[in-house]
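Peer 1:
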């Protein structure tokens, strides 16, 4: 995962003139652009793992823009979408925005509106990726814990005292202390509060047993 | 023994009063049938009002018929009437009539309802009749013949059930026929009521009695007062029939108005649909090159103001702008053709039939603008292959144009002439008006898109019409009239 890799803007429009004009405009602000003529083309291509967003026409041959938005959501591809369309109506706009679209622009659009929307979308994607990366790292660290350590951590975060934990798992209080400090170390937690936050993000069930 | 020895009294009838009673019976029947229809189509308070006035008129009619018929009955002794009973019998008649009207005015009436309603009415009439006979005060004893009494009851039931049933089942028949059927029905019902009454009267045999009649609360009825009752009753019946007629006229007018509005709406929607389709096509087809042009233009501006203009890329962008500008222009000219090619439904069309449909749709606009319409349709037209909806659209467009052109005409008759004829290769249709005509300067451009002389026009009607006609292999043209204009369409029999 390269957080500093240059972002990519994907553009799907069935009109080659529109595609090339948009590419020229976006390219002029130093962004990398990839063009597609249809939703199918986009779905079958391999997406690079970099911050990205999608500029999507609603009226497309084959899969419509709105249908593509739905399919991507179903496939758990969480790319921010900017819709552009020549003729929109209110219900269409509401549907697109409710399903998480960043912006809904009417053709022909103002260049600054499109560029602003693209920057906002890339910012969102970057933030989302950052969070995903952090979560993945956290999960990796959690994987390092031994079964016993996980058991102890779950009880610690649920507010049990070392003594109680010792009694619960039938071991000495000192042994619990050792498990606990090792777990903190592996999770790179500086404090109990830190550990609780991490476990919370990982959505590990709390309690006196795992 | 004494009684049996007494001979039956001589009975006679006053012919004038008998005739009067029959007339009342027929009128009351007619009013009842007529009002049942009003009650049925009215709702809420109006329904109740019609039911009440109908019941009063009909009940009063039946009562008056019996009373007049009874007065027509002459015996050698004086006959007086016990008036409380007479009044009570009137009330019975009104309630029986209300019951019958209620039943016959229901949305649907099963056999059971016909029998229940008929029986209520029959019971009311029989009660009315025999209480009235009971109200007679005279120096005689009365004996009834059971057979004739039963017969009168049968007559009452047959008349009531039969009348209700017939009225119910023919109530939705066509208006013209309806009136005659109703008159016939009223005559039959009136005859049945009379038959019932006079059978009832005949069932009684009066033998003179020495005992003087009890004349408390009894009144003598003179011929004059009989005629008075009859006249009042007939006026009452007449006024409810007239009221019903007026009410029907009003509802018919309201219905006609609603219908004409619905028709206008259809015509308007047909126009809007074409416009909507056109806008959607324009939006999509034109917006694509426009988007490319605008976006490329904006790129050029950015690049030029960046301080380091990139000659090569600017040239590329401007080349594309020119290309897309030309593309947009060619799309505009293609849109019309595209629109017309669309879903071309082809059928063998009877042009006269098509014209008639268009006139049905525009009839109300024509009449409400005080335009006199003439048609001159050739009888032997061959069938033309074409899309009925599209050609109908063309004709509606021409007719509404004519109507619009004649709105301002006040100094001459507003005339619309629609003609169909055989032409050498097919069919010719002409729409001619006496309106404001076509400006000679506009003659050339009248079929061009967005050319309009109307305040609120879009200038698409004739342009679309021409595309439709041309897609049928035909031609549309205009000839300036004096005054007004003539638009002609020729459609060939065969085309691709």
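Protein chains in written order, with this note's numbering: chain B, 1258 to 1467; chain S, 397 to 892. Don't be surprised by glycine CBs; every beta carbon is placed ideally from N, CA and C.
(1) How should residue 868 (chain S) be labelled, buried or exposed, when 16 other C-beta atoms within 10 angstroms of its C-beta is the threshold for buried?
(2) Applying a beta-carbon distance threshold of less than 7 Å, which residues of chain S neighbour residue 1282 (chain B)?
(3) By Cβ distance below 6 Å, which residues in the same chain neighbour residue 637 (chain S) in space, the five residues on each side in sequence not counted?
(4) Relative to the alpha-carbon of residue 483 (chain S), which residue among S:475, S:525, S:447, S:806 has its alpha-carbon at the smallest distance?
(5) In three-state DSSP terms, what is residue 1283 (chain B)?
(6) Just the Cα atoms here: how many angstroms apart are residue 701 (chain S) and residue 1358 (chain B)?
(7) Taking the beta strand (DSSP E) that residue 772 (chain S) belongs to, which residues open and close that run?
(8) Whole-angstrom Cβ separation of residue 1364 (chain B) and residue 1341 (chain B), contact assumed at under 8 Å?
(9) First and last residue of the alpha helix (DSSP H) that includes residue 861 (chain S)?
(10) Does DSSP put residue 607 (chain S) in a helix, in a strand, or in coil?
(11) Give the residues from the segment 1358-1390 of chain B that approach chain S closer than 9 Å (Cβ to any Cβ), ordered along the chain.
(12) What separation, rounded to the nearest whole angstrom, lies between the Cα atoms of residue 1452 (chain B) and residue 1402 (chain B)?
(13) On the premise that residue 1311 (chain B) lies in contact with residue 1339 (chain B), defined as a C-beta separation below 8 Å, what is that separation, rounded to the nearest angstrom?
(14) Skipping 5 residues on each side, what residues in its chain have a beta carbon closer than 6 Å to that of residue 541 (chain S)?
(15) For chain B, check one thing: does any of its Cβ atoms lie closer than 8 Å to the Cβ of residue 705 (chain S)?
(16) Who does residue 816 (chain S) pair with in a DSSP beta bridge?
(17) Taking the C-alpha atoms as reference points, what is the distance between residue 470 (chain S) and residue 522 (chain S)?
(18) Please report the residue range of the alpha helix (DSSP H) in which residue 449 (chain S) lies.
(19) Do you know how far the Cα of residue 1366 (chain B) is from the Cα of residue 1388 (chain B)?
(20) Rounded to whole angstroms, what's the CA-CA distance from residue 439 (chain S) to residue 747 (chain S)? Just pull it up for me.
(21) Quick one: is residue 406 (chain S) buried, meaning 16 or more other Cβ sit within 10 Å of its Cβ, or exposed?
(22) Looking at residue 822 (chain S) and residue 863 (chain S), is the spacing between their C-beta atoms short of 8 Å?
(23) Between which two residues does the beta strand (DSSP E) containing residue 1289 (chain B) stretch?
(24) So, helix, strand or coil for residue 1258 (chain B), using DSSP?
(25) I need the boundaries of the alpha helix (DSSP H) containing residue 893 (chain S), first residue and last residue.
(26) Strictly below 7 Å CB to CB, what residues from chain B border residue 763 (chain S)?
(27) Looking only at C-alpha atoms, which of S:534, S:613, S:642, S:817 sits nearest to residue 607 (chain S)?
(28) Which whole runs of the alpha helix (DSSP H) in the segment 1354-1425 of chain B are 4 residues long or more, in chain order?
(29) For residue 683 (chain S), which residues of its own chain have a beta-carbon under 8 Å away from its beta-carbon, when the five flanking residues on both sides are left out?
(30) Is there at least one Cβ from chain S nearer than 8 Å to residue 1477 (chain B)'s Cβ?
(31) Could you check the C-alpha separation between residue 632 (chain S) and residue 433 (chain S) for me, to the nearest Å?
(32) At which residues does the beta strand (DSSP E) containing residue 888 (chain S) begin and terminate?
(33) Going straight from the alpha carbon of residue 597 (chain S) to that of residue 627 (chain S), what length do you get?
(34) Grouping DSSP H, G and I as helix and E and B as strand, with all else coil, what is residue 1309 (chain B)?
(35) Please look up how many angstroms separate the CB atoms of residue 494 (chain S) and residue 451 (chain S), rounded, as I've assumed it's under 8 Å.
(36) Just to confirm the assignment, what range does the beta strand (DSSP E) spanning residue 1445 (chain B) have?
Peer 2: On the basis of the supplied data:
(1) buried
(2) 691, 694, 695
(3) 427, 430
(4) S:525
(5) helix
(6) 32 Å
(7) 768-773
(8) 6 Å
(9) 857-867
(10) coil
(11) 1363, 1364, 1365, 1366, 1367, 1368, 1369, 1371
(12) 13 Å
(13) 7 Å
(14) 599
(15) no
(16) S:773, S:825
(17) 21 Å
(18) 440-467
(19) 32 Å
(20) 43 Å
(21) exposed
(22) no
(23) 1289-1293
(24) Reliability fails at residue 1258 (chain B), whose pLDDT of 46 lies under 50, so the model's placement of it is uncertain and no value is given.
(25) Beyond the ends of chain S as shown, which are 397 and 892, falls residue 893 (chain S); an answer cannot be given.
(26) Under the 7 Å cutoff, chain B gives no residues; its nearest Cβ is about 38 Å from residue 763 (chain S).
(27) S:534
(28) 1368-1400, 1404-1414
(29) none
(30) Chain B is shown from 1258 up to 1467; residue 1477 (chain B) falls before or after that span and cannot be answered.
(31) 18 Å
(32) 881-888
(33) 23 Å
(34) strand
(35) 4 Å
(36) Premise fails: residue 1445 (chain B) is in no beta strand (DSSP E) and is neither H nor E.
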